[in-house]
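Reading through the C-alpha cells given below for one structure.
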DNA sequence: TGCAAAACTGTTATGTTATAACAGGATTGT
DNA sequence: ACAATCCTGTTATAACATAACAGTTTTGCA
Ligand SMILES: [Zn+2]
Ligand SMILES: [Zn+2]
Ligand SMILES: [Zn+2]
Ligand SMILES: [Zn+2]
C-alpha cells in the first residue's frame with residue numbers, strides 16, 4: 019500500500035486542514051521510525067506548528083509559541099529542531115522569507131520549489147522534477163555541479179489575483 | 019552601436035577584471051542618465067565595491083569599506099544604496115547568501131539566476147530566458163502570476179570540482 | 001544490569017542582517 | 001527665490017542565526 023500523500027494545500031480553498039496536519043505528523047512519525055531517528059516532543063511540536071500555520075513561519079514565531087507552552091524557548095531550541103526537520107526533509111526553508119514551511123512530500127526525493135504570494139503570504143510547493151532537468155542542463159553547460167536548488171517564485175496567487183481581474 | 023556587454027565573469031580565469039569594473043560603472047552612468055535618476059557618489063562607490071569583490075558582498079562588508087573611506091557608515095546608508103541599485107537592475111540580491119552582486123546585463127530585462135559555488139563562494143549569473151519559460155508554465159498551471167524569481171543553484175564550480183576528479 | 005558513547009536539550013552570550021523614524025541638506029523645476 | 005522632491009545623516013531597535021559549554025536522556029554493548 020502506498021504512503022498517504024499530503025498535498026501542497028496552500029492555495030486550495032476548501033479542505034480539512036486538521037487532516038493535513040494529522041497526516042503530516044503521522045508520515046513524519048513513520049519516516050523517523052524507519053530511519054531510526056527520533057522525532058522528540060519539541061521536534062514534533064515544531065513540525066506541528068509549522069503545519070498549523072497557513073503561511074511559512076519564522077523561527078522566532080515558532081519560538082514564541084513554544085514559550086507559551088512551557089517548552090524551553092531560547093533560539094537554539096527551535097533552530098536545532100528545524101535543522102533536524104530539514105535534514106529529514108520534513109520542512110523546507112524559504113530563503114527569500116527567512117521562514118519555514120512543511121514539506122508536502124517528505125517521503126519522496128525532491129527539491130522544494132515554491133510559489134509565494136506577496137499578498138496573502140501563502141507558499142505553494144511545486145514538485146518540480148521537470149524544472150530540475152532544465153536547470154541542471156544550463157548548469158552543466160557551465161561545468162557546474164549542482165548540489166542544492168533554491169527556486170522561489172513570488173507574485174500573486176489565484177485568490178489574490180481575482181479581485182484585480 | 020550596441021551597448022558594451024559585461025559578461026558574468028565569476029568562473030572565468032584569465033581576464034582583466036579592472037576592465038569589467040570600469041565597463042560596469044560606465045554602463046551604470048549611462049543607464050542612470052537615460053532614466054534621469056542619480057548615481058550619487060555613495061551609490062556609485064557601493065556599485066564599484068560590489069564589482070570589485072570576486073564573491074557576493076554582504077551589506078556590512080560594504081559598510082566597513084565605506085567607513086574606511088570616510089563615507090558615512092551606518093547601515094541605512096548601504097541598504098539605501100543597494101535598494102536603489104537593485105531597483106535600477108544594477109545589482110542582484112542573493113537570498114541564500116544574504117549578499118549582493120553586480121548584474122552582468124543591467125540594460126537587458128531579465129531575472130537573475132545564479133550558480134553559487136559552496137567552495138570558493140563565487141556566483142555566476144545565468145541569463146535564463148529559457149528557464150523563465152519553464153518556470154512560468156508550471157506557475158500558470160496553478161493560476162499563479164509570477165512577478166519575481168529567485169533561482170539559486172548551489173554546488174561546485176568547474177575550478178573547485180577539478181581537484182576532486 | 002552496568003557502563004560508556006552518542007544523541008539530545010538547557011542556557012548564556014553574542015554575532016549578523018535589516019529596518020523604523022526623524023532631522024537636515026542638496027537638487028530640481030518654476 | 002521658493003517649494004517640492006530627493007537624498008543623506010543619525011540613533012535606535014528589530015529580526016534572524018550561531019557559538020560554546022554544561023547537563024540530561026537514550027542507546028548499544030559488555
Ligand atoms: Zn518538499
Ligand atoms: Zn495570495
Ligand atoms: Zn542580472
Ligand atoms: Zn568554486
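Chains as they are written, first to last, in our numbering: chain A, 19 to 183; chain B, 19 to 183. From the three backbone atoms N, C-alpha and C, an ideal C-beta is built for every residue, glycine too. These figures come from a predicted structure and were not determined experimentally.
Beta-carbon separation of residue i and residue j under 8 Å?
{"i": "residue 163 of chain B", "j": "residue 139 of chain A", "result": "no"}
{"i": "residue 167 of chain A", "j": "residue 171 of chain B", "result": "yes"}
{"i": "residue 113 of chain B", "j": "residue 141 of chain A", "result": "no"}
{"i": "residue 133 of chain A", "j": "residue 149 of chain A", "result": "no"}
{"i": "residue 152 of chain B", "j": "residue 92 of chain A", "result": "no"}
{"i": "residue 169 of chain B", "j": "residue 169 of chain A", "result": "yes"}
Taking 8 Å as the limit between beta carbons, can you name the residues of its chain near residue i, skipping five residues before and five after?
{"i": "residue 176 of chain A", "result": "29"}
{"i": "residue 43 of chain A", "result": "62, 65, 66, 69"}
{"i": "residue 83 of chain A", "result": "67"}
{"i": "residue 20 of chain B", "result": "For residue 20 of chain B, the pLDDT reaches just 42, beneath the cut-off of 50, and the residue's location in the model is therefore unreliable, leaving the point undetermined."}
{"i": "residue 53 of chain A", "result": "106"}
{"i": "residue 87 of chain B", "result": "63"}
{"i": "residue 157 of chain A", "result": "163, 164"}
Within a Cβ cutoff of 7 Å, which residues of the same chain sit near residue i, ignoring the five residues on either side of it in sequence?
{"i": "residue 111 of chain B", "result": "104, 118"}
{"i": "residue 107 of chain B", "result": "121, 124"}
{"i": "residue 48 of chain B", "result": "none"}
{"i": "residue 76 of chain B", "result": "116, 117"}
{"i": "residue 181 of chain B", "result": "none"}
{"i": "residue 161 of chain A", "result": "none"}
Starting from residue i, trace the beta strand (DSSP E) both ways and give me its first and last residue.
{"i": "residue 73 of chain B", "result": "Where residue 73 of chain B is concerned, there is no enclosing beta strand (DSSP E), given that its DSSP letter is neither H nor E."}
{"i": "residue 141 of chain B", "result": "141 to 145"}
{"i": "residue 41 of chain B", "result": "Segment 35 to 52 is the alpha helix (DSSP H) holding residue 41 of chain B; no beta strand (DSSP E) there."}
{"i": "residue 136 of chain A", "result": "That residue, residue 136 of chain A, is in no beta strand (DSSP E); it is neither H nor E in DSSP."}
{"i": "residue 171 of chain A", "result": "163 to 174"}
{"i": "residue 118 of chain A", "result": "117 to 120"}
{"i": "residue 110 of chain B", "result": "109 to 112"}
Cβ of residue i versus every heavy atom of ligand 4: is any distance shorter than 7 Å?
{"i": "residue 115 of chain B", "result": "no"}
{"i": "residue 122 of chain A", "result": "no"}
Between residue i and the rest of its own chain, which residues show a CB-CB distance below 6 Å, the 5 nearest in sequence each way excluded?
{"i": "residue 115 of chain B", "result": "74"}
{"i": "residue 136 of chain A", "result": "172"}
{"i": "residue 26 of chain B", "result": "122, 142, 143"}
{"i": "residue 81 of chain A", "result": "91, 96"}
{"i": "residue 178 of chain A", "result": "135, 137, 138"}
{"i": "residue 32 of chain A", "result": "none"}
Which two residues bound the contiguous alpha helix (DSSP H) that contains residue i?
{"i": "residue 98 of chain B", "result": "93 to 105"}
Could you check whether the Cβ of residue i sits closer than 7 Å to any heavy atom belonging to ligand 5?
{"i": "residue 137 of chain A", "result": "The ligand content of the structure shown is limited to ligand 1, ligand 2, ligand 3 and ligand 4, which means ligand 5 is not among them."}
At a threshold of 7 Å, does residue i count as lining ligand 2 (C-beta to nearest heavy atom)?
{"i": "residue 174 of chain A", "result": "yes"}
{"i": "residue 140 of chain A", "result": "yes"}
{"i": "residue 177 of chain A", "result": "yes"}
I'd like to confirm something about residue i: is its beta-carbon nearer than 7 Å to some heavy atom of ligand 1, or not?
{"i": "residue 143 of chain A", "result": "yes"}
{"i": "residue 130 of chain A", "result": "yes"}
{"i": "residue 72 of chain B", "result": "no"}
{"i": "residue 110 of chain A", "result": "yes"}
Q. Is the segment 30 to 40 of chain B touching the segment 49 to 59 of chain B in the sense that three or more CB pairs, one from each, lie closer than 8 Å?
A. The answer is no - the segment 30 to 40 of chain B does not touch the segment 49 to 59 of chain B, with fewer than three Cβ pairs under 8 Å.
Q.
So, does the segment 115 to 131 of chain A touch the segment 95 to 107 of chain B, judging by three or more C-beta pairs under 8 Å?
A. As far as the Cβ criterion goes, the segment 115 to 131 of chain A does not touch the segment 95 to 107 of chain B, which means the pair count is below three.
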